[in-house]
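> With my numbering applied, the sequence shown covers 10 to 300. Note that beta-carbon positions come from the ideal geometry of N, C-alpha and C, so glycine has one too. This is the structure, below, for whatever I ask next.
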Amino acid sequence: MFSEFFQFTFSGITLGAIYALVALGFTLIYNASHVINFAQGEFLMIGGMGTVVLVGAGLPLPAAMVGALVLATVAGILLHRLAIAPARDADVVTLIIITIGASIFLRGLAQFFWGKEYHALPRFSATESLSIGGATLLTQSLWILGIAVVLVVALALFFGRSRLGKAILATSMNKDAARLAGIKTQVILGVAFGISALLGAAAGLIVTPITFTAYDVGIMLGLKGFVAAAIGGLGSSTGAVVGGLLLGLSEAYTAGYISSDYKDAVPFVIILAILFFLPNGLFGSRAAERV
């Protein structure tokens, strides 16, 4: 009884950490530009697939991971520079459609260069699993949780302590005022897209050893990351983390106690239930008007 509960909880927290990182990427872009970036899932794919390709080319795993993170970050910056910045005066719906088009484009490139096959990475530890309370905990799950915590803390310190982080916050609050203060807002938005892509890529490469990766892996994970961000409240970093964990645990308990057939339906049931009572999410601003 308790061993099953622990097993499902371990799985749920692991999934939740991944969803939280993807949701943080959505939140970062939404705060900086008020755009929902539906290409976020493709950065997750680039993180996993990029690492696989670089390892296959002969690089050691740590170097391949760094290379994949750099590749995804550059892709994020280019997305802003080539697609978002030229259309910066367009309405929000148009910008969202552009990100959807960018998602399809990146997925097509990945399919063309990397093929349709599924790929795996070696786990980060020689010991594959631990036994806790009668349940099996994969050591890769500990890596996922540890890296997720480090990234969340690093992101909080970046926004709270660094000038660049504060410039991103200033740009998100009022672009015109930030521009008058000497902040190059378009450069700052490009940096925000790059950091968002890095977060997604990090999620992709740490989860690949236990879930595999392919050119289209970012579709569902990206959608679930968006659901997690919406549950927590778009714009809230705390909400992104809480939403990701809530979503991951809900999926794991549903698959374990009811049926895995309903696992992928859970995110959308939860978001409908929460947004019906809290339209702005669990931690979203209750104000509906910006002045």
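How about Ile240 and Val226: do their beta carbons lie closer than 9 Å?
For Ile240 and Val226, no; Cβs fall outside 9 Å.
> Does DSSP put Ile280 in a helix, a strand or coil?
Looking at Ile280 - three-state DSSP - the assignment turns out to be helix.
> Which runs of the alpha helix (DSSP H), 4 residues or longer, sit entirely within the stretch 68-150?
Here the runs fully enclosed are 70-88, 101-123.
> Could you give the distance in angstroms between the alpha-carbon of Ala186 and the alpha-carbon of Ser205?
Going from the Cα of Ala186 to the Cα of Ser205 covers about 23 Å.
> Can the beta-carbon of Ala26 be found closer than 9 Å to that of Gly253?
Their beta carbons are under 9 Å apart, which means Ala26 touches Gly253 by this criterion.
> Is it buried or exposed, Pro276, if we count other Cβ atoms within 10 angstroms and call 16 or more buried?
When all chains shown are included, Pro276 counts as buried.
> Less than 7 Å between C-beta atoms, sequence neighbours within five positions excluded: which residues of the same chain meet that for Tyr28?
If we look at Tyr28 and ignore the five residues flanking it on each side, its Cβ neighbours are Lys233, Gly234, Ala237, Gly253, Leu256, Gly257.
> Taking the alpha-carbon positions, what's the Ile280 to Leu24 distance?
Cα to Cα, Ile280 sits roughly 17 Å from Leu24.
> Let me make sure I understand the geometry here. Which of Lys272, Leu30, Ser181, Gly244 has the alpha-carbon closest to that of Ile156?
Of Lys272, Leu30, Ser181, Gly244, the residue nearest in Cα terms is Leu30.
> Report the partner residues of Thr222 according to the DSSP bridge assignment.
Thr222 is bridged to His128.
> So Ile86 and Leu104 are in contact, right, with Cβ under 8 Å, and what is the actual spacing, rounded?
So it is not a contact: roughly 16 Å between Cβ atoms.
> If you run the structure through DSSP and keep just helix, strand and coil, what is Val44?
Val44: coil per DSSP, three-state reduction.
> Work out the CA separation of Leu139 and Thr145 for me, nearest whole Å.
The alpha-carbon atoms of Thr145 and Leu139 are separated by roughly 6 Å.
> Quick one: what does DSSP say Glu298 is sitting in, helix, strand or coil?
Residue confidence is low: Glu298 scores 38 on pLDDT, short of 50, so the model does not pin down where it sits. Its coordinate-derived value is still stated next. The answer is coil: DSSP assigns Glu298 none of H, G, I, E or B.
> Taking C-beta to C-beta, are Gly76 and Leu130 nearer than 9 Å?
In this structure, Leu130 does not lie closer than 9 Å to Gly76 by Cβ.
> Based on Cα-Cα distance, which residue from Val61, Gln16, Ile45 lies nearest to Ile109?
Selected option, being the one with the closest Cα: Ile45.
> Beta-carbon separation of Ala179 and Ser42 under 9 Å?
No, the pair does not count as a contact, with Cβ atoms beyond the cut-off.
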